[in-house]
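Under the numbering used here, the first residue of the sequence shown carries the number 431, and numbering increases by one thereafter. Think of the CB as a built atom: it goes at the ideal place given N, C-alpha and C, for glycine as much as any other residue. The structure under discussion appears below in the form of structure tokens.
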Amino acid sequence: MRRIRAFLGWLQGSTEALVRRSVSVPALILTLVLVTVAAPVAIPALVFADIVQRRRLARTRAYLMLGLFAFCDTVAIARAMGISVRYAGRREGYIRAHFELQKWWGTTLFKGAIRIFGLKVTIENPELAAGGPVLVFPRHVSPVDNLLPLYLVSGPHDIMLRWVINRWLQRDPSIDIVGHRLPNLFVSTARKQGGEALEVAKLGENLGPTDGVLIFPEGALYTHARREQVLESLARQDPALHARAERIQYMLPPRLGGVLGLLDTAEGADVLFIAHHGLEGARKYTSIVWGALVHAELRIKLWRVPAADVPTTPEARTDWLFEWWEEMDRWVGEVIEASEAYLSGERPSSDP
């Protein structure tokens, strides 16, 4: 009976994927064709409009980024098809080839965004991303920061991350196709910590020296309204945790289920925390069109905790995780204060 249920679940998932991709893949190819064909007319028109309206070429840059995105996605799908043929029946090479493809896709897009939008990127302690096994816990404020782990961890240090991914991102056909061929897990953003938390925990099993797991502990993009909703929920369910969460101003309190499960299963894994500031204005794709990323200053800081320093009990790990979340939140607040002081003409005495 268990095997039958598993087969029916697989069949349902395969049918849903087929339907989803029958829409998303043609839409992607059509987008690439339209963006390419229209470019000789669209780009000069957008440049003229941006100059007249003094928009710092915001819409022109967004158009170029859309073209790069459609190109990278289309190439990724084509390469994934080639990998299926080349590595048929060879599991290890198959996984490695898809990891290299994922790494190329993410780093190409992020480096392209840096050039197209003129991002000013400053990274503190980038060397801490080297070596596994490692659990990666980043801040999450924008769709753009989904690319940061590939740019900071997988790209320069060849760490094969197993991702906990929002199911919504399956609308992107390259993430959908390549992501499902790697040991990743697509989850719902609903604040439930039952069966999915157990599945998340399994990702931490058998991590090697070049492996890691990536999860966004907040579980969703930070917004002020979402923070208020989470605090209201915690006030009803866990008043003690609510008091801790109230001190966190610029991030959502971490969801404990999947994170604590990973700390249980990923024995010997260090923990890498990644905080950043500069992408808050790009929470929506429309805000990117209106210039949220143009010449934005992106500050990133990494902290790494050795496995031996991670507490061993759930209660101690909860306190420890919230302490680190408060530390990241303090750093974000200091960066914001320094930026506001700079813009107001008051030079900060020192960088955070």
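Look up residue i in the DSSP assignment and say whether it is helix, strand or coil.
| i | result |
| --- | --- |
| residue 784 | Residue 784 is absent from the model: the chain starts at 431 and stops at 782. |
| residue 596 | strand |
| residue 763 | helix |
| residue 696 | coil |
| residue 463 | helix |
| residue 705 | strand |
| residue 625 | helix |
| residue 453 | helix |
| residue 448 | helix |
| residue 755 | helix |
| residue 472 | helix |
| residue 720 | coil |
| residue 714 | coil |
| residue 679 | coil |
| residue 740 | coil |
| residue 687 | helix |
| residue 656 | helix |
| residue 435 | Only weak support is given to the placement of residue 435: the predicted model assigns it a pLDDT of 46, under 50, and the value that follows is read from those uncertain coordinates. If DSSP states are grouped into helix, strand and coil, residue 435 belongs with the helices. |
| residue 485 | coil |
| residue 633 | coil |
| residue 557 | helix |
| residue 650 | coil |
| residue 768 | helix |
Please report the residue range of the beta strand (DSSP E) in which residue i lies.
| i | result |
| --- | --- |
| residue 729 | 727-735 |
| residue 676 | Here residue 676 belongs to no beta strand (DSSP E); instead the alpha helix (DSSP H) covers 669-676. |
| residue 642 | 641-644 |
| residue 551 | 550-554 |
| residue 565 | 564-568 |
Say the cut is 7 Å; is the CB of residue i nearer than that to a heavy atom of the ligand PLP?
| i | result |
| --- | --- |
| residue 632 | No copy of the ligand PLP appears in this structure; indeed no ligand is present at all. |
For chain C, check one thing: does any of its Cβ atoms lie closer than 8 Å to the Cβ of residue i?
| i | result |
| --- | --- |
| residue 703 | Of the chains in the structure shown, none is chain C; there is only one protein chain. |
Below 8 Å on the Cβ atoms is my contact criterion, and I expect residue i with residue j to pass it. Report the Cβ-Cβ distance as a whole number of Å.
| i | j | result |
| --- | --- | --- |
| residue 461 | residue 500 | 5 Å |
| residue 572 | residue 709 | 4 Å |
| residue 527 | residue 513 | 5 Å |
| residue 617 | residue 594 | 6 Å |
| residue 503 | residue 602 | 7 Å |
| residue 619 | residue 730 | With 8 Å as the limit, residue 619 and residue 730 do not qualify as a contact, their Cβ atoms being about 24 Å apart. |
| residue 493 | residue 479 | Incorrect: roughly 11 Å between the Cβ atoms, too far for contact. |
| residue 613 | residue 633 | 7 Å |
| residue 644 | residue 629 | Residue 644 to residue 629, Cβ: 15 Å. No contact. |
| residue 664 | residue 675 | 5 Å |
Start and end of the alpha helix (DSSP H) containing residue i?
| i | result |
| --- | --- |
| residue 535 | 521-547 |
| residue 516 | 488-516 |
Does the contact criterion of 3 or more C-beta pairs under 8 Å hold for the stretch 527-536 versus the stretch 577-585? Yes, the stretch 527-536 touches the stretch 577-585.
Is there contact here, the stretch 558-570 with the stretch 466-480, by at least three beta-carbon pairs under 8 Å? Result no; under three Cβ-Cβ pairs closer than 8 Å.
Please specify which runs of the alpha helix (DSSP H), each continuous and at least 4 residues long, are wholly inside the stretch 570-619, giving them in chain order. Assignment of alpha helix (DSSP H) within the stretch 570-619, counting only whole runs of 4 or more residues, yields 603-611 in chain order.
Contact between the stretch 745-760 and the stretch 682-694: three or more CB pairs below 8 Å? Flag = yes, the stretch 745-760 and the stretch 682-694 touch.
Counting beta carbon pairs with one atom in the stretch 701-708 and one in the stretch 732-749, are three or more of them shorter than 8 Å? Cβ pair count under 8 Å is three or more, so yes.
At a cut of 8 Å, does the stretch 445-461 reach the stretch 600-614 through at least three beta carbon pairs? The stretch 445-461 and the stretch 600-614 touch, with no fewer than 3 CB-CB distances between them shorter than 8 Å.
Within 8 Å, do at least three Cβ pairs link the stretch 715-723 to the stretch 651-668? Counting C-beta pairs with one atom in each stretch, the stretch 651-668 and the stretch 715-723 have fewer than three that are closer than 8 Å, which means they do not touch.
Count Cβ pairs between the stretch 582-591 and the stretch 721-728 that sit closer than 8 Å; are there 3 or more? At 8 Å Cβ cutoff, the stretches do not touch.
Stretch pair the stretch 646-655 + the stretch 669-682: three plus CB contacts closer than 8 Å: The stretch 669-682 and the stretch 646-655 touch, with three or more beta-carbon pairs separated by less than 8 Å.
At least 3 beta-carbon pairs within less than 8 Å: the stretch 498-518 vs the stretch 537-546: The stretch 498-518 is in contact with the stretch 537-546.
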